Amino acid sequence: MFMRSTYISPPDGFQNRNAAPIETVEGLPAFREIFDRRGERGLILLSIHMGEFEPAAAYMGRYAPVHVLYRRDRIQTLERIRAEARRRLGVVEHAVDDGVNAWLSLRDMLDGGEVVALLGDRVQPGQTGVFMPMFGRMMEIPVGPFKLAQVTDSRIVPVFNWWRPDGRLAMRMEDPLEVEGDLRRDPASNPAMRRWVELIEARIAATPDQWLNVHPVWRASDAAGRTTDDRNAA
(Lines of atoms letter the chains of each structure in order from A; the text may use other names.)
(Lines give C-alpha, C1' and ligand atoms only; values in the text may rest on other atoms or scores of the structure.)
Protein backbone atom coordinates (compact mmCIF):
# COMPACT_ATOMS: atom_id res chain seq x y z
CA MET A 3 0.00 0.00 0.00
CA PHE A 4 2.95 2.26 -0.59
CA MET A 5 3.38 4.87 -3.28
CA ARG A 6 6.48 4.52 -5.39
CA SER A 7 7.94 6.92 -7.92
CA THR A 8 9.23 4.39 -10.44
CA TYR A 9 8.86 5.63 -14.00
CA ILE A 10 6.73 3.36 -16.17
CA SER A 11 7.03 3.88 -19.90
CA PRO A 12 4.01 3.55 -22.19
CA PRO A 13 3.61 0.18 -23.93
CA ASP A 14 5.77 -0.51 -26.98
CA GLY A 15 4.70 1.46 -30.03
CA PHE A 16 3.48 4.48 -28.12
CA GLN A 17 4.87 7.77 -29.37
CA ASN A 18 5.02 9.84 -26.18
CA ARG A 19 7.33 8.13 -23.72
CA ASN A 20 7.93 11.03 -21.37
CA ALA A 21 5.66 11.78 -18.45
CA ALA A 22 2.77 13.82 -19.83
CA PRO A 23 -0.12 15.73 -18.28
CA ILE A 24 -3.32 13.79 -17.74
CA GLU A 25 -5.86 15.17 -20.19
CA THR A 26 -8.74 12.68 -19.87
CA VAL A 27 -10.34 12.33 -16.43
CA GLU A 28 -13.44 10.17 -16.08
CA GLY A 29 -15.73 10.65 -13.10
CA LEU A 30 -14.40 14.14 -12.39
CA PRO A 31 -17.71 15.98 -11.68
CA ALA A 32 -18.74 13.53 -8.96
CA PHE A 33 -15.24 13.59 -7.48
CA ARG A 34 -15.25 17.38 -7.30
CA GLU A 35 -18.34 17.28 -5.11
CA ILE A 36 -16.63 14.87 -2.74
CA PHE A 37 -13.36 16.79 -2.85
CA ASP A 38 -15.07 20.07 -2.00
CA ARG A 39 -16.43 18.46 1.18
CA ARG A 40 -13.10 16.98 2.29
CA GLY A 41 -13.01 19.31 5.31
CA GLU A 42 -15.84 17.22 6.74
CA ARG A 43 -14.14 13.87 6.10
CA GLY A 44 -10.72 12.86 4.89
CA LEU A 45 -10.11 11.26 1.50
CA ILE A 46 -8.06 8.17 0.73
CA LEU A 47 -7.16 7.85 -2.94
CA LEU A 48 -6.60 4.14 -3.55
CA SER A 49 -4.84 2.97 -6.69
CA ILE A 50 -2.74 0.15 -8.17
CA HIS A 51 0.68 -0.27 -9.76
CA MET A 52 -0.34 1.03 -13.18
CA GLY A 53 0.20 4.19 -15.21
CA GLU A 54 2.30 7.06 -13.84
CA PHE A 55 2.51 8.32 -10.29
CA GLU A 56 4.07 11.72 -11.07
CA PRO A 57 1.40 13.07 -13.47
CA ALA A 58 -1.36 11.76 -11.23
CA ALA A 59 0.17 13.45 -8.19
CA ALA A 60 0.70 16.65 -10.16
CA TYR A 61 -2.94 16.65 -11.20
CA MET A 62 -4.19 16.18 -7.65
CA GLY A 63 -1.61 18.63 -6.31
CA ARG A 64 -3.36 21.45 -8.15
CA TYR A 65 -6.14 21.31 -5.58
CA ALA A 66 -4.62 20.12 -2.30
CA PRO A 67 -1.46 18.56 -0.83
CA VAL A 68 -1.37 14.79 -1.23
CA HIS A 69 0.09 12.68 1.57
CA VAL A 70 1.74 9.39 0.61
CA LEU A 71 3.21 6.45 2.49
CA TYR A 72 6.54 5.26 1.11
CA ARG A 73 9.69 3.33 1.96
CA ARG A 74 13.01 5.20 2.00
CA ASP A 75 15.51 4.21 -0.66
CA ARG A 76 18.78 2.80 0.65
CA ILE A 77 20.65 4.80 -2.01
CA GLN A 78 20.77 8.29 -0.54
CA THR A 79 21.27 10.04 -3.87
CA LEU A 80 18.11 8.47 -5.29
CA GLU A 81 16.26 9.26 -2.10
CA ARG A 82 17.18 12.96 -2.36
CA ILE A 83 16.13 13.10 -6.02
CA ARG A 84 12.80 11.45 -5.26
CA ALA A 85 12.13 13.69 -2.28
CA GLU A 86 12.82 16.82 -4.33
CA ALA A 87 10.60 15.64 -7.19
CA ARG A 88 7.72 14.96 -4.84
CA ARG A 89 8.19 18.28 -3.10
CA ARG A 90 7.77 20.06 -6.44
CA LEU A 91 4.60 18.07 -7.06
CA GLY A 92 3.11 19.08 -3.73
CA VAL A 93 3.40 15.55 -2.31
CA VAL A 94 3.93 15.19 1.44
CA GLU A 95 5.91 12.05 2.27
CA HIS A 96 5.43 9.79 5.29
CA ALA A 97 8.09 7.08 5.56
CA VAL A 98 6.86 3.66 6.62
CA ASP A 99 10.34 3.17 8.07
CA ASP A 100 9.19 5.44 10.90
CA GLY A 101 6.89 2.67 12.10
CA VAL A 102 3.66 3.43 13.86
CA ASN A 103 4.40 7.17 13.80
CA ALA A 104 3.85 7.21 10.04
CA TRP A 105 0.39 5.70 10.44
CA LEU A 106 -0.45 8.03 13.29
CA SER A 107 0.55 10.96 11.10
CA LEU A 108 -1.69 9.76 8.26
CA ARG A 109 -4.52 9.29 10.72
CA ASP A 110 -4.10 12.87 11.93
CA MET A 111 -4.09 14.16 8.35
CA LEU A 112 -7.31 12.32 7.54
CA ASP A 113 -8.93 13.49 10.77
CA GLY A 114 -8.17 17.01 9.54
CA GLY A 115 -9.85 16.42 6.18
CA GLU A 116 -6.62 15.96 4.21
CA VAL A 117 -5.96 13.70 1.19
CA VAL A 118 -3.91 10.49 1.49
CA ALA A 119 -2.86 8.36 -1.50
CA LEU A 120 -2.14 4.64 -1.10
CA LEU A 121 -1.67 1.59 -3.29
CA GLY A 122 -4.02 -1.32 -2.71
CA ASP A 123 -2.95 -4.15 -5.01
CA ARG A 124 0.07 -5.50 -3.15
CA VAL A 125 0.88 -6.42 0.45
CA GLN A 126 4.30 -5.24 1.54
CA PRO A 127 6.49 -7.06 4.10
CA GLY A 128 5.17 -6.55 7.60
CA GLN A 129 1.72 -5.48 6.40
CA THR A 130 -1.61 -7.27 6.88
CA GLY A 131 -3.47 -8.74 3.94
CA VAL A 132 -6.28 -11.14 3.09
CA PHE A 133 -6.59 -13.49 0.12
CA MET A 134 -9.52 -12.70 -2.17
CA PRO A 135 -10.66 -14.18 -5.51
CA MET A 136 -9.39 -12.48 -8.67
CA PHE A 137 -9.25 -13.88 -12.20
CA GLY A 138 -10.17 -17.29 -10.83
CA ARG A 139 -7.23 -17.34 -8.41
CA MET A 140 -6.60 -16.03 -4.90
CA MET A 141 -4.64 -12.79 -4.53
CA GLU A 142 -3.60 -11.09 -1.30
CA ILE A 143 -5.09 -7.61 -0.83
CA PRO A 144 -3.89 -5.15 1.86
CA VAL A 145 -6.38 -4.44 4.62
CA GLY A 146 -4.58 -1.36 5.97
CA PRO A 147 -6.20 1.28 3.72
CA PHE A 148 -9.66 0.08 4.73
CA LYS A 149 -8.82 0.03 8.43
CA LEU A 150 -7.39 3.53 8.13
CA ALA A 151 -10.56 4.73 6.40
CA GLN A 152 -12.75 3.17 9.05
CA VAL A 153 -10.89 4.53 12.07
CA THR A 154 -10.88 8.06 10.60
CA ASP A 155 -14.36 7.90 9.02
CA SER A 156 -12.77 8.74 5.67
CA ARG A 157 -14.01 7.98 2.20
CA ILE A 158 -12.00 5.75 -0.12
CA VAL A 159 -11.99 6.94 -3.73
CA PRO A 160 -10.59 4.34 -6.17
CA VAL A 161 -8.39 6.13 -8.73
CA PHE A 162 -6.79 4.53 -11.78
CA ASN A 163 -4.55 6.00 -14.46
CA TRP A 164 -3.31 4.25 -17.59
CA TRP A 165 -1.81 4.87 -21.02
CA ARG A 166 -4.23 5.36 -23.90
CA PRO A 167 -3.46 4.00 -27.41
CA ASP A 168 -2.41 7.51 -28.50
CA GLY A 169 0.33 7.57 -25.84
CA ARG A 170 -1.46 9.94 -23.48
CA LEU A 171 -2.47 9.29 -19.92
CA ALA A 172 -6.06 8.85 -18.80
CA MET A 173 -7.47 8.83 -15.29
CA ARG A 174 -10.69 7.50 -13.82
CA MET A 175 -12.15 8.27 -10.40
CA GLU A 176 -14.71 5.74 -9.22
CA ASP A 177 -17.58 6.20 -6.80
CA PRO A 178 -16.39 6.35 -3.18
CA LEU A 179 -16.28 3.26 -0.99
CA GLU A 180 -17.78 3.45 2.49
CA VAL A 181 -16.11 1.02 4.88
CA GLU A 182 -18.67 -0.50 7.22
CA GLY A 183 -18.76 -3.66 9.30
CA ASP A 184 -16.10 -5.50 11.31
CA LEU A 185 -12.83 -5.73 9.38
CA ARG A 186 -11.17 -7.78 12.09
CA ARG A 187 -13.26 -10.94 11.79
CA ASP A 188 -13.73 -11.45 8.05
CA PRO A 189 -12.24 -8.65 5.93
CA ALA A 190 -12.58 -10.70 2.73
CA SER A 191 -16.37 -10.49 3.05
CA ASN A 192 -16.42 -6.74 3.61
CA PRO A 193 -18.45 -5.04 0.83
CA ALA A 194 -15.90 -2.25 0.38
CA MET A 195 -13.02 -4.69 -0.06
CA ARG A 196 -15.06 -6.88 -2.41
CA ARG A 197 -15.93 -3.86 -4.54
CA TRP A 198 -12.27 -2.81 -4.60
CA VAL A 199 -11.28 -6.23 -5.92
CA GLU A 200 -13.94 -5.98 -8.63
CA LEU A 201 -12.54 -2.62 -9.72
CA ILE A 202 -8.94 -3.89 -9.76
CA GLU A 203 -9.96 -6.89 -11.83
CA ALA A 204 -11.83 -4.74 -14.36
CA ARG A 205 -8.96 -2.27 -14.75
CA ILE A 206 -6.31 -4.95 -15.18
CA ALA A 207 -8.50 -6.83 -17.65
CA ALA A 208 -8.83 -3.65 -19.74
CA THR A 209 -5.06 -3.00 -19.92
CA PRO A 210 -3.29 -6.14 -18.66
CA ASP A 211 0.08 -5.22 -20.17
CA GLN A 212 0.23 -2.06 -18.05
CA TRP A 213 -0.03 -3.67 -14.62
CA LEU A 214 3.40 -3.49 -12.98
CA ASN A 215 3.74 -6.83 -11.24
CA VAL A 216 7.13 -8.52 -11.13
CA HIS A 217 6.45 -10.96 -8.27
CA PRO A 218 4.03 -13.93 -8.13
CA VAL A 219 0.88 -12.91 -6.29
CA TRP A 220 -1.42 -15.91 -6.67
CA ARG A 221 -2.17 -18.58 -4.10
CA ALA A 222 -2.48 -22.05 -5.60
CA SER A 223 -5.23 -24.54 -4.72
CA ASP A 224 -4.83 -28.29 -4.97
CA ALA A 225 -7.47 -30.67 -6.23
CA ALA A 226 -8.63 -31.47 -2.72
CA GLY A 227 -9.50 -27.83 -2.14
CA ARG A 228 -6.63 -27.19 0.25
CA THR A 229 -4.68 -24.00 -0.37
CA THR A 230 -0.97 -23.32 -0.50
CA ASP A 231 0.80 -20.04 -0.84
CA ASP A 232 2.70 -19.76 -4.16
CA ARG A 233 3.68 -16.09 -3.98
CA ASN A 234 7.33 -17.09 -4.05
CA ALA A 235 6.96 -19.68 -6.79
CA ALA A 236 8.79 -19.29 -10.08
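Count along the sequence shown from 1, then add 2; that gives the number in the working numbering.
Glycine included, each C-beta is placed from N, C-alpha and C at the ideal position.
This structure is a prediction, so every number in the text was calculated from the model and none was measured.
key: Between the CA atoms of residue 118 and residue 41 - distance to the nearest angstrom   = Here the question's residue 41 lines up with position 39 in the sequence shown. Here the question's residue 118 lines up with position 116 in the sequence shown. Between the C-alpha atoms of residue 41 and residue 118 there is a straight-line separation of about 13 Å.
message = Let's see if you can read the secondary structure: which residues bound the alpha helix (DSSP H) around residue 107?
response = As a position in the sequence shown, residue 107 is number 105, starting the count at 1. DSSP places residue 107 in the uninterrupted alpha helix (DSSP H) bounded by 102–113.
task = For residue 167, name the three-state secondary structure that DSSP assigns.
result = In the sequence shown, counting from the first residue as 1, residue 167 sits at position 165. The answer is coil: DSSP assigns residue 167 none of H, G, I, E or B.
ask   = If you run the structure through DSSP and keep just helix, strand and coil, what is residue 191?
value = Position 189 of the sequence shown, counted from the start, is the residue given in the question as residue 191. Helix at residue 191.
Residue 109 to residue 199 span [Cα, whole Å] = Taking the first residue of the sequence shown as 1, we reach residue 109 at position 107. Taking the first residue of the sequence shown as 1, we reach residue 199 at position 197. C-alpha separation (whole angstroms): 24 Å.
request  = Sort 173, 154 and 142 by Cα distance to residue 195 and report the nearest one.
outcome  = For the purposes of this step, residue 195 is taken as residue 193 along the sequence shown, with counting starting at 1. The alpha carbon of residue 195 has as its nearest neighbour, out of 173, 154 and 142, the alpha carbon of 142.
key: Span of the alpha helix (DSSP H) around residue 154   = For this step, residue 154 is matched to residue 152 along the sequence shown. Residue 154 -> alpha helix (DSSP H) spans 146–154.
request  = Would you identify the three-state DSSP class for residue 221, choosing helix, strand or coil?
outcome  = Translated into the one-based positions of the sequence shown, residue 221 becomes position 219. The answer is strand: DSSP assigns residue 221 an E or B state.
query = Leaving out five residues before and five after residue 173 in sequence, what residues of the same chain have Cβ atoms less than 6 Å from its Cβ?
reply = Position 171 of the sequence shown, counted from the first residue, corresponds to residue 173. So the qualifying residues of the chain are 24, 27 and 163.
inquiry  = As a quick exercise: from 84, 79, 63 and 65, pick the residue whose alpha carbon is nearest that of residue 72.
reply    = Along the sequence shown, one-based indexing puts residue 72 at 70. Of the listed residues, the one whose Cα sits closest to residue 72 is 84.
query = Just checking my contact of residue 70 with residue 95 at CB under 8 Å: how many whole Å lie between their CB atoms?
reply = Walking along the sequence shown from the start, residue 70 turns up at place 68. Walking along the sequence shown from the start, residue 95 turns up at place 93. Your pair residue 70 and residue 95 checks out as a contact, with CB atoms roughly 6 Å apart and the cut at 8 Å.
request  = Put residue 125 into one of helix, strand or coil per three-state DSSP.
outcome  = Working through the sequence shown from its first residue, we reach residue 125 at position 123. Of the three classes helix, strand and coil, the one that applies to residue 125 here is coil, per DSSP.
ask   = Quick one: any contact between the stretch 145–157 and the stretch 118–131, if contact means 3 or more CB pairs under 8 Å?
value = Yes, the stretch 145–157 touches the stretch 118–131.
Limits of the unbroken beta strand (DSSP E) element including residue 131 = One-based indexing of the sequence shown puts residue 131 at position 129. 131–136 is the span of the beta strand (DSSP E), which, as asked, contains residue 131.
request  = May I have the straight-line CA-CA distance separating residue 81 from residue 75, to the nearest angstrom?
outcome  = If you number the sequence shown from 1, residue 81 lands on position 79. If you number the sequence shown from 1, residue 75 lands on position 73. Linking residue 81 to residue 75 through their CA atoms gives a straight-line distance of about 5 Å.
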